[in-house]
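These notes are about the structure you will find just below.
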Amino acid sequence: MATNVFLAFIVGIIEGITEWLPISSTGHMILFQEFFPMKVSASFWEMFLVVIQLGAVLSVVMIYFKKLFPFSLKKGEDFIKKDIFSLWIKIIVSCLPAAVIGILFEDTFDRLFYNSRSVSIALIVFGILFIAVEMLNKKSAKINSISEITYNTAILIGIFQVLAAVFPGVSRSGATILGAIIIGVSRTVAAEYTFFLAVPVMAGASLLKIVKFGFDFSLEEVVILIVGMVTAFLVSVLAIKFLVGYVKKHDFKVFGIYRIILGILVLLLL
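Under numbering that gives the first Met the number 0, think of the first position of the sequence shown as 0, with each following residue one higher.
Here you go:
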(Lines of atoms letter the chains of each structure in order from A and count residues from 1; the text may use other names and numbers.)
(Lines give C-alpha, C1' and ligand atoms only; values in the text may rest on other atoms or scores of the structure.)
Protein backbone atom coordinates (compact mmCIF):
# COMPACT_ATOMS: atom_id res chain seq x y z
CA MET A 1 0.00 0.00 0.00
CA ALA A 2 2.78 2.42 0.91
CA THR A 3 4.34 2.12 -2.55
CA ASN A 4 1.04 2.81 -4.30
CA VAL A 5 0.35 5.82 -2.09
CA PHE A 6 3.81 7.23 -2.85
CA LEU A 7 3.23 6.70 -6.58
CA ALA A 8 -0.16 8.43 -6.24
CA PHE A 9 1.67 11.39 -4.71
CA ILE A 10 4.07 11.52 -7.68
CA VAL A 11 1.20 11.21 -10.17
CA GLY A 12 -0.54 14.09 -8.38
CA ILE A 13 2.55 16.24 -8.90
CA ILE A 14 2.69 15.31 -12.59
CA GLU A 15 -1.04 16.01 -13.02
CA GLY A 16 -0.81 19.35 -11.23
CA ILE A 17 1.94 20.54 -13.55
CA THR A 18 1.06 19.02 -16.90
CA GLU A 19 -2.70 19.66 -16.82
CA TRP A 20 -2.18 23.41 -17.06
CA LEU A 21 1.03 23.74 -19.02
CA PRO A 22 0.43 22.90 -22.72
CA ILE A 23 2.68 19.84 -22.64
CA SER A 24 0.18 16.94 -22.44
CA SER A 25 -0.56 15.17 -19.19
CA THR A 26 -1.29 11.98 -21.18
CA GLY A 27 2.23 11.76 -22.60
CA HIS A 28 3.74 12.09 -19.15
CA MET A 29 1.35 9.55 -17.63
CA ILE A 30 2.18 6.98 -20.30
CA LEU A 31 5.90 7.38 -19.58
CA PHE A 32 5.35 7.22 -15.82
CA GLN A 33 3.15 4.13 -15.94
CA GLU A 34 5.62 2.39 -18.24
CA PHE A 35 8.53 2.75 -15.85
CA PHE A 36 6.76 3.03 -12.46
CA PRO A 37 3.53 1.04 -12.74
CA MET A 38 1.08 1.31 -9.88
CA LYS A 39 -0.07 -2.11 -8.68
CA VAL A 40 -3.79 -1.56 -9.17
CA SER A 41 -6.38 -2.86 -11.62
CA ALA A 42 -6.41 -1.41 -15.13
CA SER A 43 -9.95 -0.07 -14.59
CA PHE A 44 -8.95 1.73 -11.38
CA TRP A 45 -5.85 3.24 -13.01
CA GLU A 46 -7.93 4.55 -15.90
CA MET A 47 -10.45 6.07 -13.49
CA PHE A 48 -7.74 7.42 -11.17
CA LEU A 49 -6.05 9.42 -13.94
CA VAL A 50 -9.30 11.23 -14.63
CA VAL A 51 -10.66 11.69 -11.10
CA ILE A 52 -7.48 13.26 -9.68
CA GLN A 53 -8.25 16.11 -12.08
CA LEU A 54 -10.93 17.16 -9.59
CA GLY A 55 -8.12 18.31 -7.34
CA ALA A 56 -6.69 20.36 -10.17
CA VAL A 57 -10.12 21.84 -10.91
CA LEU A 58 -10.59 22.94 -7.32
CA SER A 59 -7.42 25.01 -7.61
CA VAL A 60 -9.00 26.98 -10.48
CA VAL A 61 -12.20 27.49 -8.47
CA MET A 62 -10.19 28.76 -5.51
CA ILE A 63 -7.89 31.09 -7.46
CA TYR A 64 -10.61 32.54 -9.70
CA PHE A 65 -13.60 32.30 -7.34
CA LYS A 66 -14.56 35.97 -7.69
CA LYS A 67 -14.43 35.73 -11.48
CA LEU A 68 -16.41 32.49 -11.62
CA PHE A 69 -19.04 32.74 -8.87
CA PRO A 70 -22.10 34.20 -10.62
CA PHE A 71 -24.09 35.22 -7.54
CA SER A 72 -23.82 38.18 -5.17
CA LEU A 73 -24.80 37.93 -1.51
CA LYS A 74 -24.33 41.63 -0.83
CA LYS A 75 -27.30 43.86 -0.20
CA GLY A 76 -28.01 46.42 -2.89
CA GLU A 77 -26.46 44.30 -5.66
CA ASP A 78 -28.23 42.12 -8.20
CA PHE A 79 -28.30 38.51 -7.04
CA ILE A 80 -27.08 37.30 -10.45
CA LYS A 81 -23.92 38.89 -11.83
CA LYS A 82 -24.83 39.18 -15.50
CA ASP A 83 -21.27 39.40 -16.81
CA ILE A 84 -20.21 36.22 -14.97
CA PHE A 85 -23.43 34.45 -15.93
CA SER A 86 -22.71 35.35 -19.56
CA LEU A 87 -19.17 34.01 -19.16
CA TRP A 88 -20.53 30.66 -17.96
CA ILE A 89 -22.78 30.41 -20.99
CA LYS A 90 -19.76 31.01 -23.23
CA ILE A 91 -17.80 28.35 -21.31
CA ILE A 92 -20.62 25.86 -21.84
CA VAL A 93 -20.75 26.78 -25.54
CA SER A 94 -17.01 26.10 -25.78
CA CYS A 95 -17.37 22.75 -24.03
CA LEU A 96 -20.29 21.40 -26.06
CA PRO A 97 -18.36 20.21 -29.17
CA ALA A 98 -15.81 18.19 -27.17
CA ALA A 99 -18.49 16.92 -24.78
CA VAL A 100 -20.63 15.58 -27.61
CA ILE A 101 -17.68 13.99 -29.41
CA GLY A 102 -16.31 12.56 -26.17
CA ILE A 103 -19.58 11.01 -25.03
CA LEU A 104 -20.31 9.45 -28.42
CA PHE A 105 -16.85 8.24 -29.40
CA GLU A 106 -14.61 8.15 -26.30
CA ASP A 107 -14.15 4.36 -26.32
CA THR A 108 -13.45 4.34 -30.07
CA PHE A 109 -10.86 7.11 -29.86
CA ASP A 110 -9.18 5.49 -26.85
CA ARG A 111 -8.95 2.18 -28.74
CA LEU A 112 -7.53 3.81 -31.88
CA PHE A 113 -5.25 6.51 -30.48
CA TYR A 114 -4.46 5.82 -26.81
CA ASN A 115 -1.05 4.32 -27.47
CA SER A 116 2.52 5.54 -27.26
CA ARG A 117 2.96 6.06 -31.00
CA SER A 118 -0.18 8.19 -31.45
CA VAL A 119 0.61 10.23 -28.34
CA SER A 120 4.18 10.79 -29.55
CA ILE A 121 3.00 12.01 -32.95
CA ALA A 122 0.48 14.37 -31.32
CA LEU A 123 3.17 15.73 -28.99
CA ILE A 124 5.56 16.40 -31.87
CA VAL A 125 3.02 17.80 -34.35
CA PHE A 126 1.49 20.22 -31.87
CA GLY A 127 4.94 21.15 -30.60
CA ILE A 128 5.86 22.19 -34.15
CA LEU A 129 2.54 24.06 -34.46
CA PHE A 130 3.20 26.00 -31.27
CA ILE A 131 6.58 27.13 -32.56
CA ALA A 132 5.20 27.96 -36.03
CA VAL A 133 2.22 29.93 -34.70
CA GLU A 134 4.39 31.94 -32.33
CA MET A 135 6.92 32.71 -35.07
CA LEU A 136 4.17 33.83 -37.47
CA ASN A 137 2.06 35.59 -34.86
CA LYS A 138 3.33 39.15 -35.32
CA LYS A 139 0.01 40.98 -35.09
CA SER A 140 -1.33 42.46 -31.88
CA ALA A 141 -4.06 40.42 -30.22
CA LYS A 142 -7.64 41.49 -30.97
CA ILE A 143 -9.04 40.11 -27.70
CA ASN A 144 -7.27 41.28 -24.57
CA SER A 145 -9.79 40.53 -21.82
CA ILE A 146 -12.18 37.74 -20.94
CA SER A 147 -15.16 40.08 -21.42
CA GLU A 148 -14.20 40.58 -25.09
CA ILE A 149 -14.66 36.89 -25.91
CA THR A 150 -17.79 36.58 -28.05
CA TYR A 151 -19.99 33.53 -28.56
CA ASN A 152 -18.41 33.03 -31.99
CA THR A 153 -14.96 33.06 -30.41
CA ALA A 154 -16.16 30.65 -27.71
CA ILE A 155 -17.43 28.10 -30.23
CA LEU A 156 -14.21 28.35 -32.28
CA ILE A 157 -12.11 27.67 -29.17
CA GLY A 158 -14.44 24.76 -28.41
CA ILE A 159 -13.80 23.30 -31.86
CA PHE A 160 -10.06 23.36 -31.20
CA GLN A 161 -10.71 21.60 -27.88
CA VAL A 162 -12.22 18.71 -29.87
CA LEU A 163 -8.69 17.86 -31.02
CA ALA A 164 -7.77 17.04 -27.43
CA ALA A 165 -10.85 14.86 -27.09
CA VAL A 166 -9.94 12.90 -30.20
CA PHE A 167 -6.14 12.63 -29.97
CA PRO A 168 -4.50 11.85 -26.61
CA GLY A 169 -1.24 13.76 -26.38
CA VAL A 170 -2.57 16.94 -27.98
CA SER A 171 -3.20 18.42 -24.51
CA ARG A 172 -6.52 20.05 -23.70
CA SER A 173 -4.85 23.26 -22.54
CA GLY A 174 -2.49 23.12 -25.53
CA ALA A 175 -5.31 22.80 -28.06
CA THR A 176 -7.42 25.59 -26.58
CA ILE A 177 -4.50 27.98 -26.05
CA LEU A 178 -3.16 27.39 -29.56
CA GLY A 179 -6.61 27.79 -31.10
CA ALA A 180 -7.29 30.95 -29.11
CA ILE A 181 -4.00 32.54 -30.20
CA ILE A 182 -4.68 31.68 -33.85
CA ILE A 183 -8.04 33.49 -33.78
CA GLY A 184 -6.59 36.59 -32.13
CA VAL A 185 -6.83 36.07 -28.36
CA SER A 186 -3.93 37.31 -26.25
CA ARG A 187 -1.77 34.70 -24.54
CA THR A 188 -2.85 35.80 -21.06
CA VAL A 189 -6.56 35.65 -21.87
CA ALA A 190 -6.11 32.37 -23.76
CA ALA A 191 -4.48 30.77 -20.72
CA GLU A 192 -7.09 32.12 -18.30
CA TYR A 193 -10.03 31.04 -20.46
CA THR A 194 -8.46 27.59 -20.74
CA PHE A 195 -8.41 27.36 -16.95
CA PHE A 196 -12.12 28.22 -16.85
CA LEU A 197 -12.99 25.62 -19.50
CA ALA A 198 -11.36 22.95 -17.36
CA VAL A 199 -13.96 23.27 -14.59
CA PRO A 200 -16.98 21.73 -16.37
CA VAL A 201 -14.81 19.49 -18.58
CA MET A 202 -12.88 17.83 -15.76
CA ALA A 203 -15.79 17.75 -13.31
CA GLY A 204 -18.01 16.07 -15.91
CA ALA A 205 -15.33 13.61 -17.01
CA SER A 206 -14.56 12.67 -13.41
CA LEU A 207 -18.22 12.06 -12.60
CA LEU A 208 -18.65 9.83 -15.65
CA LYS A 209 -15.54 7.80 -14.80
CA ILE A 210 -16.64 7.27 -11.19
CA VAL A 211 -20.10 6.15 -12.29
CA LYS A 212 -18.56 3.84 -14.89
CA PHE A 213 -16.11 2.36 -12.36
CA GLY A 214 -18.69 2.06 -9.60
CA PHE A 215 -18.51 3.12 -5.95
CA ASP A 216 -17.10 -0.10 -4.52
CA PHE A 217 -13.70 1.25 -3.45
CA SER A 218 -11.30 -0.52 -1.17
CA LEU A 219 -9.63 1.44 1.65
CA GLU A 220 -6.36 1.51 -0.31
CA GLU A 221 -8.11 2.88 -3.41
CA VAL A 222 -9.76 5.63 -1.37
CA VAL A 223 -6.40 6.64 0.14
CA ILE A 224 -4.76 6.63 -3.31
CA LEU A 225 -7.51 8.87 -4.72
CA ILE A 226 -7.33 11.33 -1.83
CA VAL A 227 -3.53 11.59 -1.95
CA GLY A 228 -3.55 12.09 -5.73
CA MET A 229 -6.31 14.72 -5.63
CA VAL A 230 -4.85 16.74 -2.75
CA THR A 231 -1.39 16.71 -4.33
CA ALA A 232 -2.80 17.71 -7.72
CA PHE A 233 -4.67 20.58 -6.05
CA LEU A 234 -1.62 21.99 -4.26
CA VAL A 235 0.70 21.66 -7.25
CA SER A 236 -1.93 23.10 -9.60
CA VAL A 237 -2.08 26.31 -7.57
CA LEU A 238 1.63 26.81 -8.16
CA ALA A 239 1.50 25.75 -11.83
CA ILE A 240 -1.37 28.12 -12.67
CA LYS A 241 0.29 31.08 -10.99
CA PHE A 242 3.53 30.26 -12.78
CA LEU A 243 1.89 30.07 -16.22
CA VAL A 244 -0.05 33.32 -15.73
CA GLY A 245 3.15 35.13 -14.80
CA TYR A 246 5.16 33.45 -17.54
CA VAL A 247 2.87 34.31 -20.48
CA LYS A 248 2.87 37.99 -19.58
CA LYS A 249 6.52 38.20 -20.61
CA HIS A 250 7.16 35.15 -22.83
CA ASP A 251 5.61 33.19 -25.68
CA PHE A 252 4.88 29.45 -25.92
CA LYS A 253 7.81 28.36 -28.11
CA VAL A 254 9.64 26.76 -25.18
CA PHE A 255 6.64 24.49 -24.58
CA GLY A 256 6.66 23.55 -28.26
CA ILE A 257 10.31 22.54 -28.01
CA TYR A 258 9.63 20.55 -24.84
CA ARG A 259 6.73 18.72 -26.54
CA ILE A 260 8.93 17.72 -29.47
CA ILE A 261 11.65 16.39 -27.16
CA LEU A 262 9.12 14.48 -25.06
CA GLY A 263 7.46 13.03 -28.16
CA ILE A 264 10.79 11.77 -29.47
CA LEU A 265 11.61 10.27 -26.07
CA VAL A 266 8.29 8.42 -25.95
CA LEU A 267 8.92 7.02 -29.44
CA LEU A 268 12.44 5.91 -28.62
CA LEU A 269 11.73 4.46 -25.18
CA LEU A 270 8.39 2.79 -25.80
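Just so you know, even glycine gets a beta-carbon here, dropped at the ideal spot from N, CA and C.
About 23 Å separates the beta carbons of LEU53 and PHE35, which is beyond the 8 Å limit, so they are not a contact pair.
The residue from SER85, GLU33, LYS38 with its alpha-carbon nearest to that of GLU220 is LYS38.
In this structure, the alpha-carbon of GLY26 lies about 39 Å from that of LYS80. For GLY213, no alpha helix (DSSP H) run applies, since DSSP gives it neither H nor E. Non-local C-beta neighbours of LYS89 in its own chain, meaning closer than 7 Å and more than five positions away in sequence, comprise ILE148, TYR150, ALA153, ordered along the chain. Spatial neighbours of LYS240 in its own chain (CB-CB distance under 8 Å, excluding positions within 5 residues in sequence) are listed in chain order as ILE62. Between ILE130 and LYS252, the alpha-carbon positions lie close to 5 Å from each other.
Going by beta carbons, PHE104 and GLY168 fall outside the 9 Å limit.
VAL184 and LEU86 have their alpha carbons spaced roughly 16 Å apart.
When secondary structure is reduced to three states using DSSP, ILE79 falls in the strand class. Burial check for LEU206: the Cβ neighbour count within 10 Å stays below 16, so the residue is exposed. Distance from the Cα of PHE112 is smallest, within the candidate group ASN136, ALA163, LEU233, PHE214, for ALA163.
By the criterion of at least three beta-carbon pairs nearer than 8 Å, the segment 184-198 is in contact with the segment 39-59.
Rounded to the nearest angstrom, the gap between the Cα atoms of SER40 and GLY262 is 27 Å. Closest in C-alpha terms to ALA189, from the list ALA204, LYS211, PHE159, comes PHE159. If the five residues before and after LEU48 are omitted, its C-beta is found closer than 7 Å to the C-beta atoms of MET28, all from its own chain and listed in chain order.
Here DSSP, grouped into helix, strand and coil, assigns VAL169 to coil. Note that the segment 171-185 does not touch the segment 220-232; fewer than 3 beta-carbon pairs, one per stretch, sit closer than 8 Å.
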